[in-house]
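Novice: In this note's numbering, the protein residues as written are 617 to 843.
The structure follows.
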């Protein structure tokens, strides 16, 4: 069961206010708004739902679970394997840099906040960047957050950040954004269950739309977001 302390830790790690820079990324959404592919609440909802069904976020969440499991049993070699695997799976430089920047920022935060629980962090990632999904999984283990709860928190945090970007870019009203997030709850729960059941050889996504949007973002005339 999730203890009150673990719940509070999950709320903190999944909060948009966590200082890892998530607010500065749109994950290609800025390109989609510029190209008028996404332009209202309904098209934004469709994009997020598609990503949850078959996009990169499913792979990210699945690797976060593998980070959680590896770190929980002290298998550092497996943890490093999944970190390298996820880095290699990134299809654009922007998406890879986002994952590394947020991951390394979370590692620094964790080491400052929980040095007694995660003393080995500097050694594990001394020579390689850490992906955000990997760092999130380790944070969940350190604070005794069960893997299923960590997964739904991870997905909720991702959806919240994307909706916040949509509110700024489209623009949408704050109420419309919150209603969209509320309507996503059943899908976030269903996606979590599907991701929990994924085998290693089924970690794939259909994310060419995201990849193209990310690559085109580099050449936009003006940008509010880093990706």
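Positions of the beta carbon are idealized from the N, C-alpha and C atoms, including for glycine.
Since the structure is predicted, the reported quantities are computational estimates derived from the model, not experimental observations.
With a floor of 3 residues, list each beta strand (DSSP E) that falls wholly inside the stretch 639-663, ordered by position along the chain.
Specialist: none
Novice: Going by C-alpha distance, which of 727, 711 and 696 is nearest residue 829?
Specialist: 711
Novice: Using 10 angstroms around the beta-carbon of residue 777, count the other beta-carbons present and answer buried if the total reaches 16, otherwise exposed.
Specialist: buried
Novice: May I ask you to verify whether the stretch 835-842 touches the stretch 804-820, counting CB pairs closer than 8 Å and requiring at least 3?
Specialist: Counting C-beta pairs closer than 8 Å gives fewer than three between the stretch 835-842 and the stretch 804-820, which falls short of the contact rule.
Novice: Please state the DSSP three-state secondary structure of residue 739.
Specialist: helix
Novice: By alpha-carbon positions, which one of 754, 666 and 623 ends up nearest to residue 699?
Specialist: 754
Novice: Any contact between the stretch 775-790 and the stretch 748-764? By contact I mean 3 or more CB pairs, one from each, below 8 Å.
Specialist: no
Novice: Three or more C-beta pairs closer than 8 Å, one from the stretch 743-751 and one from the stretch 704-718: is that the case here?
Specialist: Between the stretch 743-751 and the stretch 704-718, the count of C-beta pairs closer than 8 Å reaches three or more; the two stretches touch.
Novice: My parser needs the alpha helix (DSSP H) runs of 4 or more residues fully inside the stretch 773-802; what are they?
Specialist: For secondary structure counted as the alpha helix (DSSP H) over 4 or more consecutive residues, the stretch 773-802 holds these complete runs in sequence order: 790-799.
Novice: Could you spell out the range, first to last residue, of the alpha helix (DSSP H) harbouring residue 814?
Specialist: Counting along the chain, residue 814 falls outside any alpha helix (DSSP H), and DSSP gives it neither H nor E.
Novice: If contact is defined by three or more beta carbon pairs under 8 Å, each pair taking one atom from either stretch, is the stretch 769-776 in contact with the stretch 798-805?
Specialist: yes
Novice: Does any residue of chain C have a CB that is nearer than 8 Å to the CB of residue 757?
Specialist: Of the protein chains in this structure there is only one, and it is not chain C.
Novice: Under 8 Å by Cβ, that's how I've got residue 812 and residue 681 pegged, so tell me the actual separation to the nearest angstrom.
Specialist: 7 Å
Novice: Given the structure, does residue 788 come close to the ligand PLP, in the sense that its CB is under 7 Å from one of the ligand's heavy atoms?
Specialist: As presented, the structure is devoid of all ligands, the ligand PLP included, so that no description of it is given.
Novice: Output yes or no for whether 8 Å exceeds the beta carbon distance between residue 800 and residue 664.
Specialist: yes
Novice: I need the DSSP call for residue 841, collapsed to helix, strand or coil.
Specialist: The answer is coil: DSSP assigns residue 841 none of H, G, I, E or B.
Novice: Which class does residue 617 belong to by DSSP, given the choice of helix, strand or coil?
Specialist: coil
Novice: So the alpha helix (DSSP H) residue 749 belongs to, where does it begin and stop?
Specialist: 748-758
Novice: Should residue 693 go down as buried or exposed, given a rule of 16 or more other Cβ atoms within 10 Å for buried?
Specialist: By the 16-neighbour rule on beta-carbons within 10 angstroms, residue 693 is exposed.
Novice: Assess, as a yes-or-no matter, whether the stretch 647-665 is touched by the stretch 728-735 under the definition of 3 or more beta carbon pairs within less than 8 Å.
Specialist: Contact fails: fewer than three Cβ-Cβ distances are below 8 Å.
Novice: Output the distance between the C-alpha atoms of residue 684 and residue 668, rounded to the nearest integer angstrom.
Specialist: 20 Å
Novice: How long is the line joining the alpha carbons of residue 779 and residue 670, rounded to whole angstroms?
Specialist: 18 Å
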